[in-house]
Each structure stands twice: as C-alpha cells, then as structure tokens.
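**Student:**
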Amino acid sequence: MNQTLIHNLSIIVEDACKSDANVFGYGIWSNHIRPMIPVARRLADEYQADAMVHIQEIGIK
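Going by our numbering, the sequence shown wraps up at 552, each residue one higher than the last.
Okay, here's the thing in structure tokens:
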C-alpha cells in the first residue's frame, strides 16, 4: 500500500471519528485506534508476520 493511500485512509478514519454522527466520540481514534499501532507492530515482530500487511504507519511516528 503506498504512503499516499495510507495517509488518505487515515484522514478518512480520523474524520469519521471526529464526526458528530460517531456515537463513540473522537476518543475512539485517540484512545483506541492510534495507540494500537505500536501494539500491532510488536505482535507482528513476535509472530514473524509481515508488518506491512497487517499494519501501516498512517503518518504517525
């Protein structure tokens, strides 16, 4: 997946999380989706999985 697509998808997901229609509130992005990125990286390493298949940077360093 190229970086432009990853970036665009992250914007779509974050914007959906910001939406008034999101019953979970913005916290679903900041407290669940975003913090899971490093967890997914560690699990990919632990299970020798291809991290690029399972997780993507989505512009967060």
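For each residue, glycine too, the CB sits at the ideal point set by N, CA and C. On a predicted model such as this, the values are computed, not experimentally measured, just so you know.
1. To the nearest angstrom, how far is it from the Cα of Asn499 to the Cα of Arg525?
2. Compare the C-alpha of Ser521 against each of Gln539, Leu496, Lys509 and name the closest.
3. From Asp506 to Asn513, what distance separates their C-alpha atoms?
**Tutor:** This is what the structure holds:
1. Within the sequence shown, the letter at position 8 stands for residue 499. Within the sequence shown, the letter at position 34 stands for residue 525. So the two alpha carbons sit approximately 15 Å from each other.
2. As a working mapping, residue 521 is identified with position 30 in the sequence shown. Looking at the Cα atoms, Lys509 is the closest of the given residues.
3. Residue 506 sits at position 15 when you count from the first residue of the sequence shown. Residue 513 sits at position 22 when you count from the first residue of the sequence shown. Whole-angstrom Cα-Cα distance: 10 Å.
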